[in-house]
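Note that the sequence shown covers residues 1 to 427 in full-length UniProt numbering.
Heads up, the beta-carbon is just placed ideally off N, CA and C, and yes, glycines get one too.
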Amino acid sequence: MIEITPPATLAALWDEVRLQERPPLPLVRHAQVVAWLRRLQQTAPELFHIEEVGRSVEERAIHHVRVGTGARHVLLWSQMHGDEPTATTALFEVFEYLRRYRQEPRVAQLLSVLTVHAVPLLNPDGAERFQRINAQGIDINRDALMLQTPEGRTLKALRDRLQPSLGFNLHNQDWRTAVGKTGKPASISLLAPAFDEARSDNPGRVLAKKVCAVIRDALEPLMPGQLGRYNDAFEPRAFGDNMGRWGTPSVLIETGPWPGRETEGPLLRLNFVALVSALESLANGHAEQARLERYDTIPLNDSKGLLHLIVKGAHVFGEAGPAFVADVGVAVSPAVRKQEGTAQAGMAGVIAELGDLRVFGAFETVDAQGLTVVPLPARDVKEGDHVPLPPRRECELGVGQLAKLMLLRPVEPAGTWRVERIIRFDR
């Protein structure tokens with residue numbers, strides 16, 4: 001039996017196969033995916049079969065990629081939420097790995113045992129707008145029963161035609177998701193969705209759990225303590241849950257927050273390692289041998305347990321009443337904004353929590369004892385400037401407010417304040 005490629009080896013291989021020319025992840029849109037598909041056809045037409053399987057509400061093509069010749073079929077779909085693009089790019093990096101290393105024993109075995117099917121971009125209209133829902137305003141992942149969306153109908157029809165033995169439902173999750181009460185970010189979360197209210201097991205769901213266990217073993221050396229699991233309560237409208245009812249158990253992979261200034265590369269690397277490890281394990285039989293307890297003991301997520309930054313113990317002016325001492329919690333997430341007619345990728349930050357925030361984890365905690373935190377004024381201000389305290393109405397902070405803040409320290413002469421730090425995540 002051929003062994004699974006070690007995680008460190010796959011992580012290094014990602015550096016060789018990663019897409020060198022790619023837009024920032026929030027800007028992965030239909031035109032970019034079409035260009036990547038065209039390159040697959042040009043570089044390896046004998047390896048990849050590409051077909052149009054449907055059209056979105058706004059008539060953008062939805063594509064299906066097939067690679068491999070094996071009797072065991074698996075189906076992966078990404079970006080059914082238009083603002084969740086990480087796995088879309090990762091899929092094309094997996095394709096590049098399969099193309100470049102197809103003669104290597106592990107890859108040759110994978111391609112001969114499996115037929116891998118992928119829908120890299122299920123919701124192109126949502127991707128164009130960087131929004132979760134489709135152009136109708138419907139969450140495709142809650143349309144498995146009604147099938148009111150053309151995108152949902154396309155996925156259902158493809159599943160019914162292929163009858164895959166396993167599906168991979170690829171998403172991004174809220175950047176506030178923490179691993180239990182550890183305060184650590186859930187950089188990757190997994191789930192083998194239930195197919196009934198009783199959360200029963202059958203051979204298919206057991207296989208999905210074992211594949212999750214394989215992914216856990218592959219990723220934990222690369223991100224210790226940063227892997228979580230979702231609650232498996234049955235969601236009767238969701239595709240993953242209904243796939244199991246229709247005969248295709250699924251593995252949910254959710255990409256979450258990553259600490260540090262550079263986030264896209266590390267998250268793409270994790271997706272690449274997870275997907276290649278899972279596919280290899282299905283091809284070589286290691287998935288069936290995985291231990292179920294490795295799935296069952298993955299810590300459950302805390303969906304709102306993480307903040308990007310906590311300003312601790314500052315003087316705060318609320319929307320009413322006198323100033324008080326409180327912590328200010330800032331949540332940050334990838335964003336797209338229009339600037340001079342073009343879309344720009346960035347990070348958006350808002351005040352998400354206010355008060356005693358000792359139960360939250362954060363990437364950074366700022367000791368603000370003796371400081372006052374107020375909104376950043378419209379005029380140019382830089383750290384080290386001496387400024388007057390703004391009028392009361394311009395000092396107010398509230399949940400939901402953009403995180404454009406400055407921390408002030410009183411200095412001489414009286415009524416003067418020094419700008420100790422500027423915090424902003426709007427660019």
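When you compare the CB positions of residue i and residue j, do they come within less than 9 Å of one another, or not?
i           : j      : result
Ala61       : Pro124 : yes
residue 428 : Arg102 : Residue 428 lies beyond the residue range present for the chain, which begins at 1 and ends at 427; the question has no answer from this structure.
Met243      : Gly167 : yes
Tyr295      : Lys209 : yes
Leu121      : His73  : no
Asp241      : Asn172 : no
Ala345      : Ala335 : yes
Thr365      : Leu405 : no
Asn141      : His81  : yes
Arg176      : Leu307 : yes
Arg216      : Leu190 : yes
Val119      : Val67  : no
Ile351      : Leu407 : no
Val94       : Leu371 : no
Note down the Cα distance separating residue i from residue j, rounded to an integer number of angstroms.
i           : j      : result
Glu220      : Arg129 : 34 Å
Gln131      : Leu270 : 24 Å
Gly318      : Leu397 : 5 Å
residue 499 : Ala238 : Missing from the structure shown is residue 499; the chain here goes from 1 to 427 and no further.
Gln20       : Leu13  : 14 Å
Val214      : Gln41  : 31 Å
Arg409      : Gly260 : 28 Å
Met347      : Trp417 : 29 Å
Arg421      : Val311 : 11 Å
Ala11       : Phe272 : 8 Å
Asn169      : Gly400 : 31 Å
Leu252      : Thr9   : 24 Å
Ala87       : Asp302 : 22 Å
Ile188      : Val17  : 21 Å
Pro85       : Ala127 : 8 Å
Lys382      : Pro375 : 13 Å
residue 430 : Glu264 : Residue coverage of the chain in this structure runs from 1 to 427, which leaves residue 430 outside it and unanswerable.
Val206      : Lys156 : 22 Å
Pro6        : Gly225 : 19 Å
Gln136      : Thr149 : 8 Å
Thr297      : Ala186 : 15 Å
residue 433 : Ala90  : Only positions 1 to 427 of the chain appear in the structure, and residue 433 is not among them; the question remains open.
Val373      : Gln339 : 29 Å
Arg337      : Ala343 : 6 Å
Ile423      : Ala326 : 17 Å
Phe425      : Ala283 : 44 Å
Cys395      : Pro322 : 11 Å
Arg427      : Ser333 : Residue placement at Arg427 is flagged as unreliable, the pLDDT there being 46, under the threshold of 50; the coordinate-derived value follows with that caveat. Straight-line Cα distance between these residues: approximately 12 Å.
Pro236      : Pro377 : 48 Å
Ser56       : Leu279 : 29 Å
Taking 8 Å as the cut-off, is the beta-carbon of residue i closer than that to any non-hydrogen atom of the ligand NAD?
i      : result
Arg261 : You won't find the ligand NAD in this model; it holds no ligand whatsoever.
Can you have a look at residue i and say buried or exposed, based on whether 16 or more other CB atoms are within 10 angstroms of its CB?
i      : result
Pro26  : buried
Gln79  : buried
Phe324 : exposed
His386 : exposed
Ala198 : exposed
Asp160 : exposed
Val411 : exposed
Gly415 : exposed
Ala35  : exposed
Leu76  : buried
Glu288 : exposed
Asn202 : exposed
Gly256 : buried
Val359 : exposed
Arg291 : exposed
Arg38  : exposed
Asp380 : exposed
Leu134 : It should be noted that the sequence gives Asn, not Leu, for residue 134. Under this definition Asn134 is a buried residue.
Glu58  : exposed
Ala320 : exposed
Asp367 : exposed
Asp143 : buried
Leu145 : exposed
Gln369 : exposed
Ser200 : exposed
Within the 9 Å Cβ cut-off, does residue i reach chain B?
i      : result
Asp296 : Absent here is chain B; the protein component of the structure consists of one chain.
Cβ pair count under 8 Å reaching 3, the segment 171-186 against the segment 103-122: no
Whole beta strand (DSSP E) elements within the segment 123-204, 3-residue minimum: Counting only runs of 3 or more, we get 166-172 and 188-191.
4 or more residues per run - each alpha helix (DSSP H) lying fully within the segment 45-130: Unbroken alpha helix (DSSP H) runs of no fewer than 4 residues, entirely contained in the segment 45-130, are found at 86-100, 105-113 and 124-129, following chain order.
Those runs of the beta strand (DSSP E) which lie wholly inside the segment 251-339 and span at least 3 residues: 306-316 and 324-339
Meets three-Cβ-pair contact criterion under 8 Å: the segment 372-391 and the segment 354-361: no
Contiguous beta strand (DSSP E) assignments of at least 3 residues, all confined to the segment 334-401: Counting only runs of at least 3 residues, the segment 334-401 fully encloses the following beta strand (DSSP E) elements, listed from N- to C-terminal order: 342-355, 361-367, 372-375 and 386-388.
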